[in-house]
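For the sequence shown, the positions run 71 to 533 when my numbering is used. Note sheet for the following structure.
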Amino acid sequence: MQDRVTRTMVDFAQMKTFAEDPLVLTSGDGIRVTDVEGRTFIDGLSGTFCAALGHGNARVADAGAAQLHRLAMAAPTMATNDRALELIDVVLGLLPADRYSVVKLFSGGSEATENAMKIARQYHKQTGHATKYKILSHYRAYHGGTGNAVAAGGWPGWRAPYEPVAGGFVHLHTPDPYRTPFEAAPEASPEAVGRSYLRLVEETIEMEGPSTIAALITEPVLMSAGVVVPPASYLPGLRELCDRHGILLIFDEIITAFGRLGSMFAAEQFATWPDILCLGKGMSGGYAPLSAVVMTPEVAGAFWGDPHDLVQFHSGHTYGANPVACAIGVAAIAEITERRLDENAARQGDRLVVGLRRAQDRHPAIGDVRGRGLLVGVELVRDRATRERFPADVEVGIRVRAEARRRGLLLRASHWMFVMAPPLTISDAETDEVLGILDESLDAALAGLEEGARVAADPGYVG
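Have a look at this one:
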């Protein structure tokens with residue numbers, strides 16, 4: 071098996087290390103997956119935040135199989151298909167009445183965010199504001215792996231290998247209440263922190279020139295930034311700034327939509343709706359490549375005209391609006407809504423957070439537990455009082471992930487934190503099982519590190 075895995079490249083993984091202990095999955099059932107060695111794991115990441123319905127959902131699988139026999143491909147440059155129209159009706163039916171009117175379907179999250187930014191730029195050119203081309207996004211954000219999406223991304227490690235990237239991208243401070251660039255941040259109120267971040271955004275808009283800015287793209291909860299939940303005032307404040315300066319607001323809800331945060335859309339929780347909404351991942355429950363860009367009537371109207379006007383959207387993808395993916399999307403969304411899995415995500419997320427905060431009481435290395443619904447992050451620190459992180463080469467989050475995998479739980483991790491996002495179908499007993507594994511994994515991964523941290527903080531400490 072080790073020789074065979076060297077013939078592939080796993081996303082973001084150094085294959086030399088991966089090949090030494092490969093994870094090759096072969097089947098799944100509910101919240102669990104099984105590898106080729108017969109080992110079973112709880113899928114604590116829902117694949118990659120997309121297997122919202124767990125594995126082996128018969129209704130969704132049958133919908134895809136039936137559509138394969140009926141129509142597998144509809145030429146996207148000259149036709150649409152009935153399943154695509156059905157899915158669009160379902161999506162628009164979940165959103166505020168009269169807020170959105172047009173949906174463009176794609177086959178992946180990067181396609182959705184990439185094209186949302188293209189739509190914003192073309193919109194301004196076709197509405198008499200051709201100087202508006204810049205895209206604002208946040209440091210530490212991730213919006214996908216295609217060209218413009220990489221340029222909008224905010225982590226240098228993911229952007230630097232491909233630089234110089236496309237021009238016209240400007241980055242903003244991450245609206246992180248736990249780690250702010252302001253003095254006396256731990257004592258500041260969330261409202262004050264939110265206002266400070268908004269002042270930085272406003273100054274950036276002024277210094278760049280509002281007449282040059284096409285759009286601002288953000289995740290309502292910034293997953294790759296560390297499951298950052300911004301201050302409550304932040305997203306409404308962005309909406310006001312964008313309205314004032316004629317900037318389109320784009321929400322990247324590739325991860326956060328369709329129940330993940332405990333509501334169908336994250337925008338609901340912040341009472342803030344964008345001009346362009348990017349959807350994906352949970353939209354198909356992970357059973358097919360599927361994503362979407364949803365537009366307001368004002369945005370969509372700029373692309374409506376006669377052939378000689380050449381105002382149509384000048385971009386497309388072979389598998390956009392694929393009828394098999396759309397049939398699966400219809401079935402997956404029906405499962406989420408009929409089973410009220412968004413409500414279960416809210417309940418189980420609360421249960422998970424309560425359990426992790428109990429672990430925080432025992433482990434001084436747990437600095438922060440945060441998130442919404444079943445998207446929960448745990449930040450690990452060397453000193454909880456100062457929020458100093460462990461050195462990167464300690465790879466404390468990676469240690470927790472390794473210990474969890476040994477015990478049958480798959481997590482996402484970086485050198486400073488770990489993230490959980492299990493399927494929305496998870497039960498009380500299964501959430502408690504996850505917490506039990508995490509307790510053991512934290513004990514194993516942090517024991518020596520916390521002892522060292524106590525000694526560093528108090529030379530007189532005796533264990």
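Every residue gets a Cβ at the ideal spot worked out from N, C-alpha and C, and that includes glycine.
Listed in chain order, the non-local C-beta contacts of Leu-95 below 6 Å within the same chain comprise Val-103, Asp-105, local neighbours out to five positions each way being set aside.
Only exposed fits Gln-382, as fewer than 16 other CB atoms lie within 10 angstroms of its CB.
Here the C-alpha atom of Ile-101 lies approximately 11 Å from the C-alpha atom of Val-504. Under the DSSP assignment, Leu-318 falls in the beta strand (DSSP E) whose first and last residues are 318-323. Cβ-Cβ distances below 6 Å link Arg-427 to Val-439 in the same chain, with the five nearest sequence neighbours on each side left out; the list follows chain order.
Three or more beta-carbon pairs separated by less than 8 Å link the region 376-396 to the region 172-182, which places the two stretches in contact. Looking only at His-208, Ser-354, Gly-215, Glu-405, the smallest Cα-Cα distance to Leu-305 is reached by His-208. Burial is judged here by how many other beta carbons sit within 10 angstroms of a residue's own beta carbon; Tyr-193 has at least 16 and is buried. Taking the C-beta atoms as reference points, Thr-244 is found nearer than 9 Å to Val-298.
In the three-state reduction of the DSSP assignment, Glu-276 falls in the helix class. As far as DSSP is concerned, Met-353 takes part in no beta bridge.
In this structure, Cys-120 places its C-beta atom within 9 Å of the C-beta atom of Gly-355.
Per DSSP, the beta-bridge partners of His-125 are Gly-100. Non-local C-beta neighbours of Leu-516 in its own chain, meaning closer than 6 Å and more than five positions away in sequence, comprise His-433, Ala-435, ordered along the chain. Here the region 442-457 makes contact with the region 325-344; the two share three or more CB pairs at distances below 8 Å. Contact check for Ile-398 and Leu-360: beta-carbon distance about 7 Å, within the 8 Å limit, so the pair qualifies. The alpha-carbon of Thr-407 is positioned some 9 Å away from that of Phe-328. Taking a 10 Å sphere around the C-beta of Ser-484, we find 16 or more other C-beta atoms and assign the residue as buried. Judged by their CB atoms, Arg-153 and Leu-141 are nearer to each other than the 9 Å cut-off. DSSP places His-241 within a strand segment (E or B) once states are collapsed to three. The secondary-structure analysis by DSSP pairs Leu-206 across a beta bridge with Val-240, Leu-286. For Leu-157, DSSP records no beta bridge to any residue. Comparing alpha-carbon positions, the option among Pro-367, Leu-311, Glu-405 lying closest to Met-353 turns out to be Glu-405. The three-state secondary structure of Ile-468, taken from DSSP, is helix. Ala-221 is the residue among Ala-221, His-241, Leu-242 whose C-alpha sits nearest the C-alpha of Glu-233.
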